[in-house]
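Position 234 of the sequence shown, counting from 1, maps to 234 under full-length UniProt numbering, and the rest follow consecutively. Heads up, the beta-carbon is just placed ideally off N, CA and C, and yes, glycines get one too. First the structure, in the form of structure tokens, and then the observations on it.
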Amino acid sequence: MAVDSPLQSRMVSATTSEKDVKALKFIEEMTRNPDSVQEKVLGEILTRNSNTEYLKRFDLNGVVDRKTFKSKVPVVTYEDLKPEIQRISNGDCSPILSSHPITEFLTSSGTSAGERKLMPTIEEDLDRRQLLYSLLMPVMNLYVPGLDKGKGLYFLFVKSESKTSGGLPARPVLTSYYKSDHFKRRPYDPYNVYTSPNEAILCSDSSQSMYAQMLCGLLMRHEVLRLGAVFASGLLRAISFLQNNWKELARDISTGTLSSRIFDPAIKNRMSKILTKPDQELAEFLVGVCSQENWEGIITKIWPNTKYLDVIVTGAMAQYIPTLEYYSGGLPMACTMYASSESYFGINLKPMCKPSEVSYTIMPNMAYFEFLPHNHDGDGAAEASLDETSLVELANVEVGKEYELVITTYAGLYRYRVGDILRVTGFHNSAPQFKFIRRKNVLLSVESDKTDEAELQKAVENASRLFAEQGTRVIEYTSYAETKTIPGHYVIYWELLGRDQSNALMSEEVMAKCCLEMEESLNSVYRQSRVADKSIGPLEIRVVRNGTFEELMDYAISRGASINQYKVPRCVSFTPIMELLDSRVVSAHFSPSLPHWSPERRR
Ligand code: AMP
1 MAVDSPLQSR MVSATTSEKD VKALKFIEEM TRNPDSVQEK VLGEILTRNS
51 NTEYLKRFDL NGVVDRKTFK SKVPVVTYED LKPEIQRISN GDCSPILSSH
101 PITEFLTSSG TSAGERKLMP TIEEDLDRRQ LLYSLLMPVM NLYVPGLDKG
151 KGLYFLFVKS ESKTSGGLPA RPVLTSYYKS DHFKRRPYDP YNVYTSPNEA
201 ILCSDSSQSM YAQMLCGLLM RHEVLRLGAV FASGLLRAIS FLQNNWKELA
251 RDISTGTLSS RIFDPAIKNR MSKILTKPDQ ELAEFLVGVC SQENWEGIIT
301 KIWPNTKYLD VIVTGAMAQY IPTLEYYSGG LPMACTMYAS SESYFGINLK
351 PMCKPSEVSY TIMPNMAYFE FLPHNHDGDG AAEASLDETS LVELANVEVG
401 KEYELVITTY AGLYRYRVGD ILRVTGFHNS APQFKFIRRK NVLLSVESDK
451 TDEAELQKAV ENASRLFAEQ GTRVIEYTSY AETKTIPGHY VIYWELLGRD
501 QSNALMSEEV MAKCCLEMEE SLNSVYRQSR VADKSIGPLE IRVVRNGTFE
551 ELMDYAISRG ASINQYKVPR CVSFTPIMEL LDSRVVSAHF SPSLPHWSPE
601 RRR
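Listed below in structure tokens is the structure:
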């Protein structure tokens, strides 16, 4: 093989196994001529799905070329596909979107009318996901040698699942993957040995699952070479869990017996083979380390051989970088892949780069990709252009430009707007690389929750009804995702105006009710995170004194904002603004209990 790509030159200098060479060659193959791969992928999707009700509507008449496809099939959002999705979820098995049977729905963290979006998927999608996973370690091995000499401590979880009215499972994509034979019966691979047993990962009680996974990680602490979770928020939850439970974990280790809080029979059985005898020395070490006030660098103290954290810190997760740096003593953070419920997209070919430099190379075999140029309008707000003819092919995107990702999948999404905004940073061979910029319309996010401006507005409206009769109104509000504490929580700043035009003082009881009402009004992903996952803490309302939002406007204008165009930001993160708001707080209130949530959809 001629050495002309950075990946290849690394391959030559690293000791690469035959399996890795095969995977790396595959990446090279896919990225050398992405355009022809894309043409083939679209051809396959359109040929096999030509008899679907959806495609028949657009009179493609068996033509599968890109030009015809683009001229006849519209760009759509989830709302456009809702009638079809609803019919499939009600049990209609006719080929509506896909000629292959829809085997389950993947519940996205993106929502529609407050509920998780349902993404159709077909059996063979599992192979595609596994293929992308199989590329990650061969790339990592080029940068970090010796990962076969130890284990990965990964905190992986399944979430509760439900069935649609037609009987199809509806669950998150990772739950689907971990429960599949692809994961459960994976062949032994020295580069993918985890400390967590399958029994712990597959237990849907997240507290028992976490306890068992943490215990295994502690017992095998010297073998751990990498430590991770899917997203940064998940890894920080694990640290917080350790903070709250280290005494009990140390007790188990010192006695060699498993805490009675673990009652899942499969975990108990498996742990009886892992926790076989007391280890007084390890228990004393843990007590010594964990009882210290200062937890800076705790990860490297407990797991001294960790070479990197394997965790996504791009996009909304970037807010967790400083906290992770604190706990890990500055270990590198590897963001390895970019994926969604709709499709897996791509991988990071330089996984050890700084978080701010992460770019993902989209693998052109995963789906057919198009790019909607993303235009910035005058006042800084950005909206994607809706001109359907302006969509750009994967191979034709331009460096420095931003696009919204649009995909066509084997499972039957056609020209579907994912809602992610990406910026082209360069190319690997001929395949573009993208920096994840942001998700459209997301105002607040603590972990997988995504709250948009309309949802926040509705929640404020619903809560303020609780005191409307007294003549008091919320005259301005803004919000902030507090993520320095674990779990993070939403903070909403309110300026109130009473009937007599003065600062309205509300009772603690009413304000607490307002907090809960806001939570009840937020979408199901938020409520699930609060109730089932406990990954978001109680919502907080901070009442600020009268005139605060006017001061905020004065501040913005002093920094160059136009008075005509000034709009109250509905979410703030800029330190001077936060300081201004916090210095004007007259009272703070928390949600007193959990909002409602059940795995069943509301409708
Ligand atoms: P879901 O549909 O719940 O699986 O969420 C998928 C979404 O998570 C994507 O569309 C992105 O917005 C976000 N996401 C996934 N991977 C990454 C990543 N590596 N960096 C930033 N955001 C990501």
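Please report the straight-line C-alpha distance between M553 and Y566, rounded to a whole angstrom.
7 Å
Tell me whether V424 sits in a helix, a strand or coil according to DSSP, three-state version.
strand
Going by C-alpha to C-alpha distance, which of P576, N546, P432 sits closest to R559?
P576
For L171, the first and last residue of its enclosing alpha helix (DSSP H):
According to the sequence provided, residue 171 is Arg. The question's Leu does not apply to it. Not the alpha helix (DSSP H): R171 falls in the beta strand (DSSP E), residues 169 to 171.
Taking only heavy atoms of the ligand AMP into account, decide whether any of them is closer than 7 Å to the Cβ of D125.
no
Contacting residues, own chain, Cβ-Cβ under 6 Å from P432 (five flanking each side not counted):
V397, V424
If you reduce the DSSP assignment to three classes, tell me which class Q243 lands in.
helix
Taking all protein chains shown into account, decide if K354 is buried (16 or more other Cβ within 10 angstroms of its Cβ) or exposed.
exposed
Using 8 Å as the Cβ pair cut-off and three pairs as the minimum, do the stretch 85 to 94 and the stretch 310 to 318 touch?
no
Closer than 7 Å to a non-hydrogen atom of the ligand AMP - does that hold for the CB of T255?
no
What number of angstroms, rounded off, separates the C-alpha of F285 from the C-alpha of A229?
25 Å
Taking one C-beta from the stretch 213 to 222 and one from the stretch 238 to 251 each time, how about it: are there three or more such pairs within less than 8 Å?
yes
Same chain, Cβ closer than 8 Å to R570, five either side skipped, listed in chain order:
L443, E453, L456, Q457, Y477, T478, S479
With H, G and I counted as helix, E and B as strand and the rest as coil, what does DSSP make of S591?
coil
Considering just the uninterrupted stretch of the alpha helix (DSSP H) at I102, what are its terminal residues?
Element bounds for I102: not the alpha helix (DSSP H) but the beta strand (DSSP E), 102 to 112.
Would you say the stretch 529 to 541 touches the stretch 584 to 597, given that touching needs at least three Cβ pairs under 8 Å?
yes
Where the beta strand (DSSP E) through K489 begins and ends:
Here residue 489 turns out to be His, not Lys, going by the sequence shown. From DSSP, the beta strand (DSSP E) with H489 extends over 489 to 497.
Just verifying my parser: in three-state terms, what is the DSSP assignment at D59?
coil
Please say whether E370 and E393 have beta carbons closer to each other than 8 Å?
yes
In chain order, what residues of the same chain have a beta carbon less than 8 Å from the beta carbon of R261, not counting five sequence neighbours either side?
S207, Q208, Y211, E248
Please report how far the alpha carbon of K307 lies from the alpha carbon of Y194, in whole angstroms.
15 Å
What separation, rounded to the nearest whole angstrom, lies between the Cα atoms of K69 and I27?
It should be pointed out that residue 69 corresponds to Phe in this sequence rather than to Lys. If you take the alpha carbons of F69 and I27, they lie about 27 Å apart.
List the endpoints of the continuous alpha helix (DSSP H) containing F467.
Per DSSP, F467 belongs to no alpha helix (DSSP H) and is neither H nor E.
What separation, rounded to the nearest whole angstrom, lies between the Cα atoms of residue 616 and G419?
For the chain, the structure presents residues 1 to 603; residue 616 sits outside this window and is missing.
Near H182, what residues of its chain come up, given a Cβ to Cβ distance below 6 Å and the 5 sequence neighbours on each side ignored?
L126, Q130
For E447 and S233, believed in contact at Cβ under 8 Å, the rounded distance:
4 Å
With a cut-off of 8 Å, do at least 3 Cβ pairs link the stretch 360 to 368 to the stretch 330 to 345?
yes
Under the three-state reduction of DSSP, which class applies to N546: helix, strand or coil?
coil
If the criterion is Cβ atoms closer than 8 Å, does the pair M333 and I347 meet it?
no
For the ligand AMP, residues whose Cβ lies under 5 Å from any non-hydrogen atom
S108, S109, I312, T314, G315, Y338, S340, S341, D420, F436, R439
To which residues of the same chain is P101 closer than 8 Å at the C-beta, ignoring the five residues directly before and after it?
C93, I122, E123
In angstroms with no decimal places, state the Cα-to-Cα distance between E357 and K435.
8 Å
What do you get for Q280, buried or exposed, if any count of 16 or more other CB atoms within 10 angstroms of its CB means buried?
exposed
Between E199, L168, Y188, G166, which lies nearest to K179 when the distance is taken from Cα to Cα?
E199
When burial is assigned at 16 or more other CB atoms within 10 Å of the CB, is Y188 buried or exposed?
exposed
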